[in-house]
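Residue numbers (the numbering used here): 1 to 472.
Notes to accompany the following structure.
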């Protein structure tokens, strides 16, 4: 339709600036029928909103005020809009409410899969029960994303009588693709009352159905735990992997024995998922996680070390040291866990050096990794009668002080690409925190071990030297 010269000029200014006052002027022109091309207006208004965040509320309110008149253009915009714009359009359609439902239901038959998918998602957010039969028809859609959005929409209405009746009927459909979509809808509903029905599907011959059922059970909470533990014995690795993940969602202590057994699974993905689930259970699974530190699978050791570090479990200090000694690829994770545990780690490491449980080089690396939390323990260790403990303590203190003074590296980035690496200013050292170490170091200058005397002299020279001032 024809647009007046004044409206055409305003549209150009809107496209160029996106000013809020101009948007309000345009909406006034629409109300007075000076502009009648609603599709063009939705495009321009949404473009203005997306590029100028200050106009978000004004744009949304304007389109909501138009009501049903704005719905066709909003739905049409789904076809080529970016994700963020589609999200705003969905929000606007949801606020418009029931008057948008008939056109959204019609959009479920659109030839464009993007329009079908976003329309299904919007109807789910609106809890539009009138759309249930048409959403059910999308279970056979050629596009997987559309089928998933239809499942999600129906799952959000599973608490209604119409929704639950539709899902129950669809779960018995002979088409496995339709049954899988219905099972996904059950998972979206997160209603544990469906466990009794899914129990009949967990033993079906179709592996894809068993996998979808296990994924849905993982979202239904504690009542599904016995079925998930049973699924850990499935012949399919995908099903066992999904079952192990689902047990982590419930995080019940009763699942610990089944997950501990799953750590010995032949499939590495199952072992990793079982370790993550034990991590989510937390402190009740500490004993199993400590044993897992010696597991031959690096991923299991890594997850176990991270979990123990978060819990600051002191019982795991020696197992962490053994892991660092036996598995070089897990050493960094073990040292990180020891650092999180803090001073108790340093104390036990010094004891292990005297007992000969760990090598001095490994102990030095571990103590250096613990860093500032180990300083007080190391100052006391200088008085230990064992020369190996003293030498390790001196060397660790030197490395901690050097690391503390080391300038920080600053990287400049253009997007994800690092273009320059600059060295920052020198940092101050530990200062007065090392004062308790000085008397012991002076005494060590007269020690019979030449290596210990040399390191003590190096430490005194480093510690007594004035730390570098921090420059701007």
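Just so it is clear, CB atoms sit at the ideal spot from N, CA and C, and this is done for glycine as well.
Treat the numbers as computed from the prediction; the structure is a model and nothing was measured.
- Minimum Cα-Cα distance from residue 439 among the listed residues 136, 325 and 459 corresponds to 459.
- In this structure, residue 450 keeps its C-beta atom at 8 Å or more from the C-beta atom of residue 379.
- Inside the region 89-122, DSSP marks whole alpha helix (DSSP H) runs of 4 or more residues at positions 101-107, from first to last along the chain.
- About 5 Å separates the Cβ atoms of residue 259 and residue 278, confirming a contact at the 8 Å cut-off.
- A distance of 8 Å or more separates the beta carbons of residue 381 and residue 334.
- Cβ-Cβ distances below 7 Å link residue 366 to 321, 324, 335, 338 and 349 in the same chain, with the five nearest sequence neighbours on each side left out; the list follows chain order.
- Rounded to the nearest angstrom, the Cβ distance from residue 75 to residue 107 is 5 Å, consistent with a contact under 8 Å.
- Taking all protein chains in view, the Cβ of residue 194 is crowded by 16 or more other Cβ atoms within 10 Å, so the residue is classified as buried.
- Residue 238 has its alpha-carbon roughly 14 Å from the corresponding atom of residue 247.
- Closest in C-alpha terms to residue 300, from the list 206, 262 and 311, comes 262.
- Residue 92 holds the alpha-carbon nearest to the alpha-carbon of residue 68 among 85, 87 and 92.
- For the alpha helix (DSSP H) assignment, the uninterrupted runs of no fewer than 4 residues enclosed by the region 173-210 are, from N- to C-terminal side, 176-189 and 195-198.
- Counting along the chain, the unbroken alpha helix (DSSP H) around residue 237 starts and ends at 237-250.
- Relative to the Cα of residue 255, the nearest Cα in the group 285, 123 and 241 belongs to 285.
- When DSSP states are grouped into helix, strand and coil, residue 266 belongs to the coil group.
- Ranked by Cα distance from residue 135, the first of 234, 111, 181 and 228 is 181.
- The C-beta distance from residue 192 to residue 223 rounds to 4 Å, short enough to fall under 8 Å.
- Assigned with DSSP and collapsed to three states, residue 85 falls in helix.
- At the C-beta level, residue 146 and residue 113 come within 8 Å of one another.
- Boundaries of the alpha helix (DSSP H) harbouring residue 404: 387-405, taken from the DSSP string.
- Annotation for residue 175: no residue places its beta carbon closer than 6 Å to its own, counting only its chain and skipping 5 residues before and after.
- In this structure, the alpha-carbon of residue 231 lies about 7 Å from that of residue 202.
- For residue 297, the three-state secondary structure derived from DSSP is coil.
- Annotated three-state conformation of residue 143 is coil, per DSSP.
- The beta carbon of residue 268 lies closer than 8 Å to those of 297 and 299 in the same chain, with the five residues before and after it left out.
- Between residue 166 and residue 179, the C-beta gap is not smaller than 8 Å, which leaves the two residues out of contact.
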